[in-house]
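Worksheet: the structure to be examined is printed underneath.
Chains as they are written, first to last, in our numbering: chain U, 1 to 323; chain Y, 324 to 562.
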């Protein structure tokens, strides 16, 4: 194993050890949420970073996944895993439908479509009382069970980390395959991609549904983590927040979604200093602003550069420097 | 090989091509000439499926009607296009740019070999496989666009204004390539150009488009003797 992988593993192990060291339940809950956000942001890295398609409506998939899994498990009394799978399938179908406007539209126009989509889904959630409980929310959702008892937040942390690792693996494999090459061609020049014989519609369909599935799974897991859903969690501003995560993390980097999801979720929490609580949101927004200006490519490329330096790898040749 | 009959294309009601008929036989190099706005690029776009012709238009390739087929399905039939202004993928590497051309080939092993063969056709690109396409010079990008199209193993290669924005020496190189190498590969060429002298030098026949219609057509020898062609394109000079 090379030195870079060793350093990466050490950092990963340190991250995974956090819930063992810090027993504050609120901190662990926020880490759980951060991992879920990282799943959604990873989907946006594939959608926007790789394929150049913009979505400002992914909170809708998060919401659809959450409500779908909650309703399915409540109504039919099936295990949580069935709920999560049905959430993923529903998001796959709706993600495919949302990709249809992208066949003709791009840029601002596509963004507007996705914003409207988010608003429509949110309005449906708020108004369909009999199904979603409307603005009162949905109570009494099954928690995930292990050996007959509800999962702890720490156990959830490891479950979510495993799901995120799977998402990372799938996305990376796809990005390195001919599909990834095709997606980047679509991003670079769609018309040229089409003249080269690339089925741009099929690729867009694929990447839209993939990112929708990621958000749907995150939503489903969230429903069973909090056991209570309220439409507020899925408002339009959340969609923008997911985009912010992917950009802060590094939209062109495979680790961008993970790092951005963790950073943008945890930074506000770290700024909740005693006596200054009322300023923490302002402070965290400012922190994000500074990060975007100072690191326009996101945190992930700088993170990798830092690791490379630790491992003594020369960035130009990709080889270890011999001193 | 390619037979176009009564092709009409309009953009939002404004006609760009009006009843164009044209034929390209197997093994020929045919050029389409004409000033800006004559409809040359529209013609290529109609063939490659990027614009929809009006009803009644017919484009037959190898005996098969291709009007209405999506662009992505036309490439596998054996039609490749080198687009105007090159349009390579700037953030894909040189190698990836060429590999994109093989996306629809089913003979994967042979396609892989063909990708490598491109570097023999254009040694200028050798050693730059890992570089981003956008870092190449204009001429090299034109060569790369040519490679991408050739990698799809086309029967018919459509080249749109290869001389655009390139230094004369590079233009010479590209046209020599069209004349010698592509012919050797047995590929039929439909060339769209503004540079009449260069096009005549590499073509068997030519069509001259004006305002969306075929104004003249014939063999290069016939056309270069034609008084109107001489006056319009060569200002009375003999070719």
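Every residue, glycine too, gets a C-beta built ideally from N, C-alpha and C.
Take residue i and list the residues in its own chain whose beta-carbon comes closer than 8 angstroms to its own, dropping the five residues that flank it on each side.
i	result
residue 115 (chain U)	56, 57, 236, 239
residue 74 (chain U)	138, 140, 141, 142
residue 559 (chain Y)	Residue confidence for residue 559 (chain Y) is low, a pLDDT of 48 falling below 50, so the modelled location carries little weight and cannot support an answer.
residue 179 (chain U)	203, 206
Are the beta-carbon atoms of residue i and residue j separated by less than 9 angstroms?
i	j	result
residue 461 (chain Y)	residue 409 (chain Y)	yes
residue 50 (chain U)	residue 187 (chain U)	yes
residue 230 (chain U)	residue 135 (chain U)	yes
residue 311 (chain Y)	residue 365 (chain Y)	Because residue 311 (chain Y) is not part of the residues shown, which for chain Y are 324 to 562, the question remains open.
residue 329 (chain Y)	residue 343 (chain Y)	yes
residue 486 (chain Y)	residue 463 (chain Y)	no
residue 267 (chain U)	residue 288 (chain U)	yes
residue 88 (chain U)	residue 224 (chain U)	no
residue 469 (chain Y)	residue 405 (chain Y)	yes
residue 52 (chain U)	residue 106 (chain U)	yes
residue 401 (chain Y)	residue 451 (chain Y)	no
residue 482 (chain Y)	residue 508 (chain Y)	no
residue 121 (chain U)	residue 234 (chain U)	yes
residue 203 (chain U)	residue 183 (chain U)	yes
residue 374 (chain Y)	residue 382 (chain Y)	no
residue 216 (chain U)	residue 62 (chain U)	yes
residue 94 (chain U)	residue 212 (chain U)	yes
residue 367 (chain Y)	residue 540 (chain Y)	no
residue 384 (chain Y)	residue 325 (chain Y)	yes
Pop quiz: residue i and residue j are said to be a contact at Cβ under 8 angstroms. What is the actual Cβ separation, rounded to whole angstroms?
i	j	result
residue 66 (chain U)	residue 220 (chain U)	6 angstroms
residue 472 (chain Y)	residue 403 (chain Y)	4 angstroms
residue 532 (chain Y)	residue 363 (chain Y)	6 angstroms
residue 415 (chain Y)	residue 185 (chain U)	6 angstroms
residue 59 (chain U)	residue 117 (chain U)	Actually they are not in contact, since the Cβ atoms of residue 59 (chain U) and residue 117 (chain U) sit about 10 angstroms apart, beyond 8 angstroms.
residue 307 (chain U)	residue 8 (chain U)	7 angstroms
residue 198 (chain U)	residue 395 (chain Y)	6 angstroms
residue 412 (chain Y)	residue 192 (chain U)	7 angstroms
residue 280 (chain U)	residue 271 (chain U)	4 angstroms
Taking residue i as the reference, which of the options has the closest Cα?
i	options	result
residue 392 (chain Y)	Y:386, Y:370, Y:379	Y:370
residue 54 (chain U)	U:154, U:98, U:288, U:313	U:98
residue 520 (chain Y)	Y:544, Y:490, Y:470, Y:389	Y:544
residue 536 (chain Y)	Y:326, Y:361, Y:439, Y:354	Y:361
residue 68 (chain U)	U:218, U:279, U:288, U:308	U:218
residue 206 (chain U)	U:171, U:15, U:223, U:259	U:171
residue 467 (chain Y)	Y:428, Y:490, Y:331, Y:417	Y:417
residue 439 (chain Y)	Y:488, Y:522, Y:354, Y:420	Y:420
residue 445 (chain Y)	Y:474, Y:367, Y:431, Y:433	Y:474
residue 181 (chain U)	Y:374, Y:333, Y:406, Y:424	Y:424
residue 495 (chain Y)	Y:358, Y:556, Y:465, Y:549	Y:465
residue 32 (chain U)	U:152, U:279, U:303, U:305	U:152
residue 376 (chain Y)	Y:490, Y:555, Y:327, Y:509	Y:327
residue 384 (chain U)	U:85, U:310, U:36	Here chain U covers residues 1 to 323 and nothing more, so residue 384 (chain U) does not appear.
residue 29 (chain U)	U:64, U:308, U:156	U:156
residue 379 (chain Y)	Y:355, Y:447, Y:332	Y:332
residue 196 (chain U)	Y:422, Y:388, Y:356	Y:422
residue 386 (chain Y)	Y:432, Y:349, Y:549, Y:367	Y:349
residue 505 (chain Y)	Y:441, Y:359, Y:540, Y:358	Y:441
residue 305 (chain U)	U:269, U:253, U:159	U:253
Cutting at 7 angstroms between CB atoms, please list the residues of its own chain near residue i, excluding the five before and the five after it.
i	result
residue 256 (chain U)	45, 49, 246, 249, 250, 298, 300
residue 214 (chain U)	39, 40, 42, 43, 167
residue 298 (chain Y)	Residue 298 (chain Y) lies beyond the residue range present for chain Y, which begins at 324 and ends at 562; the question has no answer from this structure.
residue 562 (chain Y)	Only weak support is given to the placement of residue 562 (chain Y): the predicted model assigns it a pLDDT of 44, under 50, and the value that follows is read from those uncertain coordinates. The residues are 520, 523, 547.
residue 27 (chain U)	none
residue 527 (chain Y)	351, 352, 353, 542, 543
residue 17 (chain U)	none
residue 357 (chain Y)	363, 531, 532, 533
residue 5 (chain U)	none
Please return the same chain residues whose Cβ sits closer than 6 angstroms to the Cβ of residue i, not counting the five positions on each side in sequence.
i	result
residue 79 (chain U)	none
residue 546 (chain Y)	529, 552
residue 323 (chain U)	Unreliable placement is indicated for residue 323 (chain U), whose pLDDT of 43 sits below 50; the coordinate value is still reported in the next sentence. Nothing listed; no residue qualifies.
residue 336 (chain Y)	none
residue 398 (chain Y)	427, 475
residue 556 (chain Y)	519
residue 227 (chain U)	141, 143
Inset, instruction - Compile a chain-ordered list of the residues in the segment 165-188 of chain U whose CB is closer than 8 angstroms to at least one CB of chain Y. - result: 178, 181, 182, 184, 185, 187, 188
Legend entry - Where the segment 377-404 of chain Y meets chain U: residues whose CB sits under 7 angstroms from a CB there: 394, 395, 398, 399, 404
Legend entry - Near-chain Y residues of the segment 188-208 of chain U (beta-carbon distance less than 9 angstroms), N- to C-terminal order: 188, 189, 191, 192, 193, 194, 195, 196, 197, 198, 199, 200, 201, 202
Inset, instruction - Please name the residues in the segment 423-449 of chain Y whose beta-carbon is closer than 7 angstroms to at least one beta-carbon of chain U, in chain order. - result: 423, 424, 426, 427
Legend entry - chain U contacts from the segment 460-489 of chain Y (Cβ-Cβ distance under 7 angstroms): 471, 475
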